[in-house]
Each structure stands twice: as C-alpha cells, then as structure tokens.
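Notes to accompany the following structure.
In the numbering used here, the protein residues as written are 30 to 321.
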C-alpha cells in the first residue's frame with residue numbers, strides 16, 4: 030500500500046509537469062513550484078490517516094512541490110467545495126478519494142472544465158467517468174482480489190484443520206462477516222468475492238450473521254460480542270472482515286472469551302485485509318491468532 034500512495038503522488042506530479050509544459054527534470058532544475066491538491070475521504074479515517082503521513086513524507090523528499098492536503102469529511106458536498114476552492118486557487122493537479130462512487134462523475138467534470146488532471150484513488154469511478162476525460166487516472170487495490178485472498182486464507186485453515194475447525198461436525202463452515210460502510214464499492218466487491226471463492230472451492234458454508242462495523246475496531250468488537258452471545262463462540266467457525274481494523278476488533282472479542290491465545294482447540298480463524306498500521310500490541314495479537 031505504501032507503493033500505491035507513492036504512485037498516487039508520482040502520477041499527480043507527472044500530470045502537473047505535463048500540464049505546465051515541463052519535464053520532471055526541468056521542473057526540478059528550475060525549482061518551479063508545482064501545486065498539487067489531495068482531497069481525502071476523511072482525515073479521521075484511521076486507515077487513510079496512516080497513508081496521508083506516507084504521502085506527506087514522500088512529498089517532503091521532492092523539491093519544488095507544494096502539497097495541499099484537504100479533508101473531505103466523508104461528505105460529497107464538502108469534498109466538492111474543497112475541489113472547487115482548489116481549482117479557483119489554481120492547483121496544477123488533484124488527487125481525490127471520493128466519499129462514494131456516484132460522486133466521482135461530478136468531481137471529474139469540475140476538474141475537466143479547468144483542464145486539471147485528476148487522479149482518483151481508493152474509490153474507483155464508473156467506467157463512463159473514466160472514459161469521459163483524457164487526463165484521469167484511478168489507482169487502487171483490486172477489491173475483488175482482496176476478498177478472494179481473505180476467503181482463500183479461511184478456506185486453507187478450514188481444509189487443513191477440519192477436525193477441530195468444524196466445531197459442530199456438520200461439515201458446514203458457519204461464519205460471520207464484518208462489513209465496512211454499506212453500499213461502498215469495496216464492501217460490495219470484497220463481500221461478493223468471499224461468497225464466490227467459497228463456492229468455487231466447493232466449501233459448504235453458512236453466513237449466520239453479516240453486518241456493518243463501518244471499518245471500525247470498536248464497532249467490530251461490539252458486534253462480535255453480540256454475535257458470541259447469540260451463537261456462542263463455538264457456534265462461529267470463521268470471521269471475514271472487510272478490513273484489518275474490524276478484524277482486530279474480532280480478535281479482541283475472541284481473546285476476551287479465552288480464545289486465540291495459543292490453544293489450537295480454542296481458536297477462531299479471523300481474516301482481514303488492508304495492511305493497516307497497528308500498534309505493537311495489536312501486531313502481537315494478530316500474530317498469536319494466526320492472521321499474519
């Protein structure tokens with residue numbers, strides 16, 4: 030993921046230099062300032078905040094660039110206002126993580142009207158939007174592939190440890206799914222990929238509970254506690270989480286119930302994805318529960 034955000038910055042700069050008629054080499058040599066605006070979905074999003082720091086660090090290594098970070102506050106109108114303000118101030122290029130997929134078309138039109146290159150990241154525009162403007166890019170992980178990887182990890186554990194993994198002996202994998210924000214593109218694609226991969230691998234499974242925890246560790250902990258109360262911890266044979274933060278919440282719930290401390294008989298497989306930076310304690314928990 031660090032490489033992805035470094036590439037976002039590189040693409041923003043490349044477009045800016047092209048637009049201003051400079052090569053990268055001549056731009057640096059002349060110390061011309063390039064103004065690039067990056068509008069994040071939300072500054073208080075823990076996943077994005079870590080990579081905002083990475084991008085700022087990468088930008089600090091490059092002379093002649095002024096990087097303006099803006100908070101979209103997870104609001105379409107505020108994101109639009111931030112973009113309009115940046116364009117009015119004469120930004121050379123923009124990178125945008127939109128609050129939702131539908132808003133990307135209007136954001137693209139505003140950038141195109143001012144002939145400003147636009148790089149969308151983490152929220153992919155519709156295909157028609159991508160085709161409507163020559164100076165538009167999308168950079169991001171393939172959400173479907175992420176979902177397939179998570180499901181495969183759970184399948185690998187299930188197949189290799191069937192005698193203890195199938196707690197009720199019915200040959201059916203009973204699992205729960207922790208989702209991000211309902212309706213968000215990555216949520217839909219990752220969740221659909223779980224089901225498709227399980228089915229393609231011939232796994233009989235039952236999703237006994239599925240609900241949103243909004244990418245949040247604390248909400249995931251609360252949700253898992255409720256499900257453990259409803260089904261019993263032995264009634265849950267696997268957890269698939271749309272991101273690492275929610276997976277950490279599920280890990281904490283398992284630990285609170287005496288699971289995932291090293292006893293293979295008392296283990297709940299929990300799989301998340303994103304490569305989110307975690308504290309030392311959280312990394313320890315993840316490695317002890319087998320998720321690393």
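C-beta: ideal position from N, C-alpha, C; glycine also.
Treat the numbers as computed from the prediction; the structure is a model and nothing was measured.
Check: Please classify residue 301 as buried or exposed, where buried requires at least 16 other C-beta atoms within 10 Å of its C-beta.; Outcome: buried
Check: Helix, strand or coil: how does DSSP classify residue 127 here?; Outcome: coil
Check: Among 131, 256, 267, whose alpha-carbon lies nearest the alpha-carbon of residue 106?; Outcome: 131
Check: Return yes when the Cβ of residue 274 is within less than 8 Å of the Cβ of residue 203, no when it is not.; Outcome: no
Check: Could you give the first and the last residue of the continuous alpha helix (DSSP H) run that contains residue 191?; Outcome: 191 to 194
Check: I need the DSSP call for residue 97, collapsed to helix, strand or coil.; Outcome: strand
Check: Is it right to say residue 90 is buried, meaning 16 or more other beta carbons lie within 10 angstroms of its own, or is it exposed?; Outcome: exposed
Check: Taking the DSSP output, what are the residues bridged to residue 260?; Outcome: According to DSSP, which records beta bridges pairwise, residue 260 is partnered with nothing at all.
Check: Considering only residues of the same chain and omitting the five flanking positions on each side of residue 294, which have a CB-CB separation below 7 Å?; Outcome: 193
Check: Out of curiosity, what's the CA-to-CA distance linking residue 53 and residue 258?; Outcome: In this prediction, residue 53 has a pLDDT of 37, which is less than 50 and means its spatial position is unreliable; nothing more can be read from the coordinates.
Check: Starting from residue 223, trace the beta strand (DSSP E) both ways and give me its first and last residue.; Outcome: It is not in any beta strand (DSSP E) - residue 223 instead sits in the alpha helix (DSSP H) that spans 214 to 229.
Check: Name the one or two DSSP bridge partners that residue 248 has.; Outcome: According to DSSP, which records beta bridges pairwise, residue 248 is partnered with nothing at all.
Check: So the beta strand (DSSP E) residue 66 belongs to, where does it begin and stop?; Outcome: 63 to 69
Check: Excluding the five sequence neighbours on either side, which residues of its own chain have a C-beta within less than 6 Å of the C-beta of residue 268, listed in chain order?; Outcome: 205, 279, 299
Check: Could you check where the alpha helix (DSSP H) with residue 284 kicks off and where it finishes?; Outcome: 273 to 285
Check: Rounded to the nearest angstrom, how far is the Cβ of residue 133 from that of residue 146, given a contact under 8 Å?; Outcome: Not quite, the Cβ-Cβ distance comes to about 15 Å (not below 8 Å), so this is no contact.
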